[in-house]
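A.B. asks:
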Amino acid sequence: MSSDNDVWVKFSFSERMDEADVLAHLVVEPAAKITTDWSNTTNQHSFRVHVLPSTVSPLRIGLTAGARNLYGTRALGEDIMVTLERFPAPWVTIYLKKHPSLKMREYGFYFASPEDAEVVMEFTKPMERDSLAKALAGMAQREEFKLTWLNDQKAIVKLTPPAGGPKTYDLALVEGAKDQDGVLVSIPGPIELRVTPDVTLRSINLATGQQTEGIPVSGGYGGGVVSPDGSRAVFWELGLSGGDAVEYRYWLQDLTSGDKVLLTEGGNPRVKWFPGGDQVQIGNKAFSADGRELKGLLEEKPVIGFDLGPDGQIAYMSRREPGENKPNVDLVYQWDGEWKVIQGFSYQLINSNGFPLPMDPAYDPSGGRLAVVQNPAGEEQLHTNSAFILDLKTGEKALLAERALNVFWSPKGDYLAVGKVGGGIDILAPTGELVMKLPSHNYLEMVGWTPDGQHLVLKKQEDNKWVTQLIEVSSGKEKKLPGMPLNIDANGLAYLMSK
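67 is the number of the first residue of the sequence shown in our numbering; add one for each residue after it.
#1: Between the alpha carbons of residue 69 and residue 95, how many angstroms are there, rounded?
#2: At which residues does the alpha helix (DSSP H) containing residue 199 begin and terminate?
#3: Just to confirm before moving on: does the CB-CB distance between residue 329 and residue 321 stay below 8 angstroms?
#4: Need the endpoints of the alpha helix (DSSP H) that residue 88 sits in, please.
#5: Which value, in whole angstroms, describes the spacing of the CA atoms of residue 415 and residue 359?
#6: Helix, strand or coil, according to DSSP, for residue 55 in the structure here?
#7: Taking 8 angstroms as the cut-off, decide whether the C-beta atoms of residue 562 and residue 551 are in contact.
#8: Using a Cβ-Cβ cutoff of less than 8 angstroms, which residues in the same chain neighbour residue 409 once the five nearest sequence positions on both sides are dropped?
#9: For the structure I just gave you, are there three or more beta carbon pairs, one from the segment 164 to 175 and one from the segment 209 to 219, closer than 8 angstroms?
#10: So, for residue 155: in the same chain, excluding its five sequence neighbours on each side, which residues have a beta-carbon less than 7 angstroms away from its beta-carbon?
#11: Do residue 442 and residue 412 have their C-beta atoms closer together than 8 angstroms?
#12: How is residue 238 classed by DSSP in three states: helix, strand or coil?
#13: Identify the continuous beta strand (DSSP E) that holds residue 534 and give its terminal residues.
#14: Who does residue 347 pair with in a DSSP beta bridge?
#15: In its own chain, which residues sit with a C-beta less than 6 angstroms from the C-beta of residue 362, not counting the 5 before and 5 after it?
#16: Under the three-state reduction of DSSP, which class applies to residue 229: helix, strand or coil?
#17: Alpha carbons only, please: which of 333, 300, 188 is nearest the one belonging to residue 326?
#18: For residue 518, report the span of its beta strand (DSSP E) as first-last.
#19: Over the uninterrupted beta strand (DSSP E) stretch that includes residue 105, give me the two end residues.
#20: According to DSSP, which residues form a beta bridge with residue 174?
#21: Determine the burial state of residue 303: buried for a count of at least 16 other Cβ atoms within 10 Å of its Cβ, exposed for fewer.
#22: In the DSSP assignment, find the beta strand (DSSP E) that holds residue 274 and state where it starts and stops.
#23: Under 8 angstroms, do residue 259 and residue 536 count as touching if we go by C-beta distance?
#24: Taking three-plus beta-carbon pairs below 8 angstroms as touching, is the segment 466 to 483 in contact with the segment 425 to 440?
#25: If I measure Cβ to Cβ from residue 487 and keep anything under 8 angstroms in the same chain, skipping five residues before and after, which residues do I get?
#26: Are the Cβ atoms of residue 151 and residue 255 separated by less than 8 angstroms?
#27: Using C-beta distances below 6 angstroms, list every residue in its chain close to residue 214, excluding the 5 sequence neighbours before and after it, in chain order.
#28: Secondary structure at residue 210, three-state DSSP: helix, strand or coil?
#29: Below 6 angstroms CB to CB, which residues in the same chain sit around residue 426 once its five sequence neighbours on both sides are set aside?
#30: What does the alpha-carbon distance come out to for the pair residue 567 and residue 368?
#31: Between which residues of its own chain and residue 199 is the CB-CB distance below 7 angstroms, once the five residues before and five after are set aside?
#32: Considering only the beta carbon of each residue, do residue 90 and residue 117 sit closer than 8 angstroms?
#33: Given that a residue counts as buried once 16 or more other Cβ atoms are within 10 Å of its Cβ, and exposed if not, what is residue 147?
#34: Whose CA, out of 197, 104, 265, lies closest to the CA of residue 564?
#35: By the three-class DSSP mapping on this structure, what secondary structure does residue 156 have?
#36: Just verifying my parser: in three-state terms, what is the DSSP assignment at residue 510?
Quick look at the structure:
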């Protein structure tokens, strides 16, 4: 029997054979990598040949005359040869018509608005057209898709979910489609296309309450960061999920034209614009404001958290292979034009479920101090975490708070918001003096500060809807706005995303 890539052929004999002699008479043409295994029962001696062909051409395999039995008394009197015609399974490349550079992968998640839910399918062999239509009918109701063939190897499928969505389609179900030789198309795993309506991104001046007209953006976005001048944004969406592995997909979108380009795919969202707005850092990759990948300072480094200073300087946490009972996270930062490294600064922050937590250092507004969280005891020992302020000129480290998970400096440097182990947020002075406790919030909700440093910005879900909360530091008063907060640009405009 044969599959798309491998061939197995079994030879059975009526008596025990000389295994070495049989293998000496084995013929495989054209030459290919093979493995063999023998089986011996009371009535039968057999061996199986596993062939990994190097081409898709016909495969000739068999035994030449003369292969002897175990005792050398009898031998095959004639050649035994077969020729196998191989019919490789057709492969399909799938992508959204609007984004041809984004090829869909198995176990991937993809998003489109109802208007843009046009999927292109390119096959490696001419297809039986009716079989694809039948396969699509197993994925969606007939009225939900329109199939248009451009030629025998390329088709476009327009998906129209009921009432405009949202709805998820598993494109791997087209595996029931056949080529013109009757061979089924090969798709190793599920491919989910989530057709979901756009949401609205709007900006609001927090001082005056004045809002701009909303901009439509993808309903698949899980968050984003707007550039300092408000002209562009990097958004992310879920890209891949399998086991413990999660990847996100990052888009750069022009907020005036709506045009967007795919930047990269990778781990948890770590996106920060450089102060001048000419570059954006996504994990260890840097991109220009028009989407070109740049040779950045963090390229190929195992970055698990970073921050950008007021002059574009970088500080980051770098994970390396753990040594025996030694911290495996280094703190690296720029000072006076040189790189400084504190090796073994911390263990990685790991929660009780085994997932890594963010480890972003935070520059103060002057660029002369870093707020950092340190775990000295080991993974999953979060109760030992402490937040420190590091003076970059002297190297001195001062305790800010115990049982800390993350830190945000206020724009004037007079406050720090500290997310606490076990829940709650403390607002502290740089000396560690407590200014305010927010016990009903947690570190995951912190977004940042308003430009005047008077309000902490939080995000929260209420009744399955995102809400932006502003908490005044001087009074503790709260104000709520509908939508998920992204960030605040250099002009003081806050950006909120909502349905």
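Glycine included, every Cβ here is placed at the ideal spot set by N, Cα and C.
These numbers were taken from a predicted model, which means no experiment stands behind them.
C.D. replies: So, to answer that:
#1: Start at 1 with the first residue of the sequence shown, and residue 69 comes out as number 3. Start at 1 with the first residue of the sequence shown, and residue 95 comes out as number 29. Bear in mind that the predicted position of residue 69 carries a pLDDT of just 42, short of 50, making it too unreliable to give a figure here.
#2: Translated into the one-based positions of the sequence shown, residue 199 becomes position 133. Counting along the chain, the alpha helix (DSSP H) containing residue 199 begins and ends at 195 to 203.
#3: Numbered from its first residue, the sequence shown carries residue 329 at position 263. Numbered from its first residue, the sequence shown carries residue 321 at position 255. No, the Cβ-Cβ distance between residue 329 and residue 321 is not below 8 angstroms.
#4: In the sequence shown, counting from the first residue as 1, residue 88 sits at position 22. Taken as a continuous stretch (DSSP letters only), the alpha helix (DSSP H) holding residue 88 covers 85 to 90.
#5: For this step, residue 415 is matched to residue 349 along the sequence shown. For this step, residue 359 is matched to residue 293 along the sequence shown. Going by the C-alpha atoms only, they are around 30 angstroms apart.
#6: In the structure as shown, the chain begins at 67 and stops at 565. Residue 55 is therefore absent and cannot be evaluated.
#7: In the sequence shown, the residue the question calls residue 562 occupies position 496. In the sequence shown, the residue the question calls residue 551 occupies position 485. Yes, these two residues count as a Cβ contact at 8 angstroms.
#8: The residue you call residue 409 lines up with position 343 of the sequence shown. The residues are 396.
#9: no
#10: Looking up residue 155 in the sequence shown gives position 89. Hits under 7 angstroms: 70, 249, 250, 251, 252.
#11: The sequence position of residue 442 within the sequence shown is 376, counting from 1. The sequence position of residue 412 within the sequence shown is 346, counting from 1. Closer than 8 angstroms, so yes.
#12: On the sequence shown, position 172 is the one that residue 238 refers to. The DSSP-derived three-state label of residue 238 is helix.
#13: Counted from its first residue, the sequence shown places residue 534 at position 468. Run containing residue 534: 531 to 538, per the beta strand (DSSP E) assignment.
#14: Taking the first residue of the sequence shown as 1, we reach residue 347 at position 281. DSSP lists 338, 352 as partners of residue 347.
#15: Position 296 of the sequence shown, counted from the start, is the residue given in the question as residue 362. Counting only Cβ-Cβ distances below 6 angstroms, and skipping sequence neighbours, we find 352.
#16: Here residue 229 refers to the residue found at position 163 of the sequence shown. The answer is helix: DSSP assigns residue 229 an H, G or I state.
#17: Walking along the sequence shown from the start, residue 326 turns up at place 260. Residue 326 has its Cα closest to that of 300, out of 333, 300, 188.
#18: On the sequence shown, position 452 is the one that residue 518 refers to. Per DSSP, residue 518 belongs to no beta strand (DSSP E) and is neither H nor E.
#19: As a first step, residue 105 must be located in the sequence shown, where it is residue number 39. Counting along the chain, the beta strand (DSSP E) containing residue 105 begins and ends at 99 to 106.
#20: Along the sequence shown, read from residue 1 onward, the residue named residue 174 stands at position 108. BP columns for residue 174 point to 257, 306.
#21: As a first step, residue 303 must be located in the sequence shown, where it is residue number 237. When all chains shown are included, residue 303 counts as buried.
#22: Translated into positions along the sequence shown, residue 274 becomes position 208. Premise fails: residue 274 is in no beta strand (DSSP E) and is neither H nor E.
#23: Sequence index remark: in the sequence shown, residue 259 carries index 193 (1-based). Sequence index remark: in the sequence shown, residue 536 carries index 470 (1-based). No, they are not a contact pair.
#24: yes
#25: Stepping through the sequence shown from its first residue, residue 487 is reached at position 421. Closer than 8 angstroms at the Cβ level, and outside the excluded window around residue 487, lie 448, 449, 451, 469, 470, 471.
#26: For the purposes of this step, residue 151 is identified with residue 85 of the sequence shown, where counting begins at 1. For the purposes of this step, residue 255 is identified with residue 189 of the sequence shown, where counting begins at 1. Against a cut-off of 8 angstroms, the Cβ pair of residue 255 and residue 151 comes out as no contact.
#27: Your numbering for residue 214 matches position 148 in the sequence shown. Excluding sequence neighbours, residue 214 sits near 222.
#28: Numbered from its first residue, the sequence shown carries residue 210 at position 144. Three-state result, residue 210: helix.
#29: Taking the sequence shown and counting its residues from 1, the one referred to as residue 426 is at position 360. If we look at residue 426 and ignore the five residues flanking it on each side, its Cβ neighbours are 371, 373.
#30: Nothing in the structure corresponds to residue 567, since the chain is present only between 67 and 565.
#31: As a first step, residue 199 is located in the sequence shown; it is residue number 133 there, counting from the start. Same-chain partners within the cutoff: 213.
#32: What you label residue 90 is simply residue 24 of the sequence shown in a count that begins at 1. What you label residue 117 is simply residue 51 of the sequence shown in a count that begins at 1. In this structure, residue 117 does not lie closer than 8 angstroms to residue 90 by Cβ.
#33: The residue you call residue 147 lines up with position 81 of the sequence shown. Classification for residue 147: exposed.
#34: Position 498 of the sequence shown, counting from 1, holds the residue named residue 564. Ranking the options by Cα distance to residue 564, first place goes to 265.
#35: Against the sequence shown, residue 156 aligns to sequence position 90. If DSSP states are grouped into helix, strand and coil, residue 156 belongs with coil.
#36: Numbered from its first residue, the sequence shown carries residue 510 at position 444. The answer is helix: DSSP assigns residue 510 an H, G or I state.
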